[in-house]
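The UniProt record's numbering puts the sequence shown at residues 1 to 151. We treat Cβ as the ideally placed atom computed from N, Cα and C, and that holds for glycine.
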Amino acid sequence: MPDEAASLREASEAWEALFRCQVTIMRRLQKHPAFKGVNMREYDVLFNLSRCPSGGLRLGDLNEHVLMSQPSLSRMVERLESKGLVERRPDPCDQRAVRLTLTDRGRELQRKIGREHVRHIHELLSPALSPEQLRELTALTTRLGGAVGSS
Numbered sequence: 001m002p003d004e005a006a007s008l009r010e011a012s013e014a015w016e017a018l019f020r021c022q023v024t025i026m027r028r029l030q031k032h033p034a035f036k037g038v039n040m041r042e043y044d045v046l047f048n049l050s051r052c053p054s055g056g057l058r059l060g061d062l063n064e065h066v067l068m069s070q071p072s073l074s075r076m077v078e079r080l081e082s083k084g085l086v087e088r089r090p091d092p093c094d095q096r097a098v099r100l101t102l103t104d105r106g107r108e109l110q111r112k113i114g115r116e117h118v119r120h121i122h123e124l125l126s127p128a129l130s131p132e133q134l135r136e137l138t139a140l141t142t143r144l145g146g147a148v149g150s151s
């Protein structure tokens with residue numbers, strides 16, 4: 001915990017700066033040609049499924065990692081499934097449940113977009129912040145996310 005509590009104004013200004021920065025960067029990222037076949041929200045689903053060590057997630061678990069309602073996520077998964085990028089498989093731990101997994105095509109597309117996306121992020125952030133500042137930003141946002149997520 002910080003030694004002294006931030007004032008209401010300081011907390012509000014910090015949040016507004018963080019939020020506006022995120023919106024500005026996201027708008028730039030969304031315009032990148034890598035997101036012509038799938039949009040950033042769809043890519044976010046593919047990305048989260050690609051990071052799953054067990055190879056898949058239940059819809060409710062996936063919903064904890066994305067910023068959208070469960071009904072919106074369900075419709076998106078249906079679209080990704082119709083594009084051949086995601087498939088539903090029985091959950092080996094619970095026969096009543098279904099796990100979402102990437103298809104080979106979905107995994108390949110996620111990797112392709114991911115490589116371009118990371119390069120574009122580098123192009124946007126590295127001229128603005130030094131390596132030390134990027135590490136500090138990572139530490140601060142990780143700490144903030146952990147503190148808010150645990151409360």
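Which residues in the same chain as Leu124 place their Cβ atom closer than 7 Å to its Cβ, once the five residues preceding and following it in sequence are excluded? Locating residue 124 in the sequence shown gives position 124, counting from the first residue. Around Leu124: Ile25, Arg28.
Applying the 10 Å Cβ sphere with the 16-neighbour rule, what's the burial state of Gln110? For the purposes of this step, residue 110 is identified with residue 110 of the sequence shown, where counting begins at 1. Per the 10 Å Cβ criterion, buried.
Mapping DSSP to helix, strand and coil, what is Thr103? The residue you call residue 103 lines up with position 103 of the sequence shown. In this structure, Thr103 counts as coil in the three-state DSSP scheme.
Span separating the alpha-carbon of Asp44 from that of His65: What you label residue 44 is simply residue 44 of the sequence shown in a count that begins at 1. What you label residue 65 is simply residue 65 of the sequence shown in a count that begins at 1. In a straight line, the C-alpha of Asp44 is about 9 Å away from that of His65.
Between Gly56 and Arg99, how many whole angstroms is the CB-CB distance? I'm expecting something under 8 Å. As a first step, residue 56 must be located in the sequence shown, where it is residue number 56. As a first step, residue 99 must be located in the sequence shown, where it is residue number 99. Indeed they touch by this definition, with Cβ atoms about 3 Å apart.
Rounded to the nearest angstrom, what separates Arg89 and Ser126 at their Cα positions? Here residue 89 refers to the residue found at position 89 of the sequence shown. Here residue 126 refers to the residue found at position 126 of the sequence shown. Going by the C-alpha atoms only, they are around 40 Å apart.
Per DSSP, which residues does Asp94 bridge with? Please list them. As a position in the sequence shown, residue 94 is number 94, starting the count at 1. Paired residue(s): Asp91.
C-alpha distance - Leu67 paired with Met40, whole-angstrom precision: As a working mapping, residue 67 is identified with position 67 in the sequence shown. As a working mapping, residue 40 is identified with position 40 in the sequence shown. Cα to Cα, Leu67 sits roughly 11 Å from Met40.
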